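The structure appears below as structure tokens.
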Amino acid sequence: MLFRRGMNMVTLQKLSLPDRTFNSIEGVYYRINDKVRVYHDKGVFYFKENGFAIFDTYMNAFSVTTWKYYANLQKVYLVIRGKGQFLLRLVHIRHGWQHRYLFEHEVELDGAREFKVEIPEFENLGKGILFPLIIALSKGGEIYDISYVTDIEPPNKVKLGIVITHFNRQKNVKRAIERLRSNILNRDDLDIDIIIVDNSKNLCVENSDRIKVIPNYNLGGSGGFMKGFLYLEENNYTHALFIDDDALTENEAIIRTYRIFQYTQQKKLAIAGALHMEATPGIIYEKGALFEGICKPLKRNLNIEHLSGVLEADREEVKIDYGGWWFFAFRLSDVKYLAFPYFVRGDDILFSIVNKFKIHCPIGVYVLGEDFGSKESPLHVYLDIRYHIINSILKGDISLHKIIAVLGYLFLKRLLSYRYESCQAFILAIEHVLKGPEFFEQNVDISKIREIINSFVKEEKASHIDLMDYEFDIANEHENKIRRLFRMLTLNGFLLPEFVLKNKMVYQEKTFSANLSRIFRYKKVLYYNVLDETGYILTHDKKKILELLVNFGRSLFKLVIKYPRLKQEYNKKLAYLTSREFWKNVFRKYH
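Numbering-wise (this note's numbering), the sequence shown opens with residue 817 and increments by one.
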């Protein structure tokens, strides 16, 4: 029926369209035929007769999984605003099932009033997604908005603080503020503020009723987010949303998260946003993850431009261990343990695990971020290895054998990629873990650690590279079984004599490690970051490989011998190093 929106309706989800300030693609939002044009800036679909639009997409499908099973809603309406005569079908589909039409109506929209219909049997629907299929029956039809609403009063009071930890990304943060200001901060139905913890103390943003900038000594993401967390607790917020300063997210993702918390009855519910790379927004990089001694991202490389990908993204098959702090929301009162003082890397993993959150990753809630592999350096390797060991110890269900196997795998991948300085940082990380939890208490700001690592990093320093200045091969990735076996038996060429190696250079796009098949038998590798056109050249060195293998073996042996004592010490110290008292003492010391 047609109606004018009443004050008692709460919008759960509304139509989202590509934004030219956000690297997005149409297939994530809608599907149309050639008789429909869409003007994104105006937010209007223009239909010719027999034009159709389908909204079975990552951003605009309505997840029964999310809104019924996590938000605990039992009554939802579909609302459409537009002008013209249309055939409207509402479809329900779930992974592995045939689609089912819940209703079919011919509707005539007058441009002023909205068409509203209750979703039939919503309380009895199984998991999956709902979406409208709209077909124009007349010439000149227009659709302005599609939304899902409820007349159920929200049972939970939510005061949400968005915490952004900033370090020298002024442009990114200012852009995020403008996006939030335009559609979130000015709304009376959303109690949401922004708290920016400025670790670089150089952000020129004025405080206001909705925006608070807190200058902070650089203690990494761990210190920045905990500074924001304590501010929220002291100022009577109910919920927090952690967002990285280099992550781009849609306003609609934040609003949906807010609404879920208004309605949920789930204990310890946390909402985690998926991560997509800016270069490939239609592909999921991570949508929740497991930690089993090594990180195992869920839904990796899933293409969500197609319905099959959307259904797979909505499907939950395992309990999620953690959500990344590029987008992670939770109730403050559910937090017993704050972050472990890692500086960065691994703090979000342990935070989720020890607080035992029930993590949900709704479709349509995601951020665009930079490729982690392109940013890897010896310092990042050092930070990664520390948390792999300690998180494995503290999680409690990961054996020493598994820890050793993971460390061996990660070390060899870098060693055989000629990243010898990264391997040196890798060994340093193990040695520092062996010092026990007091080492982390004494090195929260990692300044001394930076000095140590900087003292031996000479080759793995990225600088501008013009590819036209170099001669290199681009090796074929494909290989037969015999070649692969030969590579493995020779440790990717380490055991081969020098005269067998190619006295040439091979190209590799910079990521966590080389494609070992492509660099096999090459003496030099050119690592290149296509995003900023920087890189470096590394050389095969048997003497360094042997030296690093010996040092790595020595450190592993010490880890095995000391493991029982380390396990006891880290578990005993966990409560204090993740306590409010500890972090308040840290902020009094570093200010």
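For every residue, glycine included, the Cβ atom is placed at its ideal position computed from N, Cα and C. None of these values were measured; they are calculated from a predicted model.
Beta carbon proximity, residue i to chain D, threshold 7 Å
i: F1255; result: Note that chain D does not occur in the displayed structure, where there is just one protein chain.
Coil, strand or helix - residue i by DSSP
i: L1119; result: The sequence shown places Asn at residue 1119, not Leu. DSSP places N1119 in strand when its eight states are reduced to three.
i: C1177; result: coil
i: P1253; result: helix
i: I1220; result: helix
i: H911; result: coil
i: F1107; result: strand
i: N1023; result: coil
i: T881; result: helix
i: A869; result: strand
i: M825; result: coil
i: P1113; result: strand
i: I1290; result: coil
i: D850; result: coil
i: Q1078; result: helix
i: G900; result: strand
i: M1093; result: strand
i: L818; result: The pLDDT assigned to L818 is 49, lower than 50, so where the model puts this residue is not dependable, and the model offers no usable value.
i: H1196; result: helix
i: E1295; result: coil
i: Y1317; result: For the record, residue 1317 in the displayed sequence is Leu; it is not Tyr. The answer is coil: DSSP assigns L1317 none of H, G, I, E or B.
i: K1264; result: helix
i: E1186; result: coil
i: K830; result: strand
i: L1244; result: helix
i: Y874; result: coil
i: Y960; result: strand
i: I1000; result: coil
Same chain, Cβ closer than 6 Å to residue i, neighbours up to 5 away in sequence not counted
i: I1071; result: none
i: K830; result: S963
i: R1303; result: F1336
i: F1144; result: F1058, A1088
i: L1106; result: K1112, D1137
i: M1321; result: F1288, K1340, L1342
i: Y1182; result: G1089, A1090, H1092
i: L918; result: L906, H908, P936
i: I848; result: A869
i: S1016; result: F983, N984
i: I1165; result: F1107, Y1138, N1207
i: R1075; result: L828
Beta-carbon contacts of residue i that lie in its chain and below 7 Å, excluding the five residues immediately before and after
i: H1407; result: Y1033
i: I1361; result: L1231, F1310
i: M1042; result: L1154, A1155, W1399
i: F1403; result: K1043
i: Y1047; result: I1011, I1030
8 Å CB neighbourhood of residue i in its chain, flanking five on each side removed
i: N1052; result: K975
i: I1205; result: I1219, L1223, A1245, I1246, V1249, L1375
i: I841; result: P834, P1097, G1098, E1121
i: S1149; result: T1054
7 Å Cβ cutoff met for residue i and residue j
i: K955; j: L925; result: no
i: F1328; j: E1128; result: no
i: T1350; j: H1248; result: no
i: E934; j: Y874; result: no
i: F1242; j: F1227; result: yes
i: K891; j: I968; result: yes
i: I1027; j: I978; result: no
i: F1173; j: K1084; result: yes
i: Y1079; j: A869; result: no
i: D1062; j: R985; result: yes
i: L1184; j: P1097; result: yes
i: P1194; j: S1238; result: yes
i: I951; j: L903; result: yes
i: F947; j: F863; result: no
i: E966; j: L1035; result: Before going further, note that residue 966 is Thr rather than Glu in the sequence given. Not in contact: T966 and L1035 (Cβ atoms no closer than 7 Å).
i: F1272; j: Q1240; result: yes
i: F1146; j: A1086; result: yes
i: R1235; j: Y1203; result: no
i: F878; j: I959; result: no
i: V1013; j: G1040; result: yes
**OP:** May I have a chain-ordered list of the beta strand (DSSP E) segments no shorter than 3 residues that lie completely inside the segment 1030-1062?
**Re:** Listed in chain order, they are 1055-1060.
**OP:** Can you check the segment 1321-1401 for any beta strand (DSSP E) of at least 3 residues that lies completely inside it and give the ranges in chain order?
**Re:** Taking 3 residues as the shortest admissible run, the segment 1321-1401 contains the following complete beta strand (DSSP E) segments, listed from N- to C-terminal end: 1338-1345, 1350-1355.
**OP:** Tell me, please, whether the segment 1291-1303 touches the segment 1333-1344 by the rule of three or more beta-carbon pairs shorter than 8 Å.
**Re:** Cβ pair count under 8 Å is three or more, so yes.
Original post:
How about the segment 907-924 and the segment 1152-1170: do they share at least three Cβ pairs that are nearer than 8 Å?
Top reply: Counting C-beta pairs with one atom in each stretch, the segment 907-924 and the segment 1152-1170 have fewer than three that are closer than 8 Å, which means they do not touch.
**OP:** Determine, using beta-carbon pairs with one atom in the segment 1300-1309 and one in the segment 1373-1389, whether at least three such pairs fall under 8 Å.
**Re:** Output reads no: the segment 1373-1389 does not touch the segment 1300-1309.
Subject >> Stretch-stretch touch, CB-based, cutoff 8 Å, three pairs: the segment 1007-1027 with the segment 937-946 >> reply: Because the criterion of three Cβ pairs below 8 Å is not met, the segment 1007-1027 and the segment 937-946 do not touch.
Subject >> Continuous alpha helix (DSSP H) assignments of at least 4 residues falling wholly in the segment 1130-1171 >> reply: For the segment 1130-1171, the full-length alpha helix (DSSP H) segments reaching 4 residues or more read 1163-1171 along the chain.
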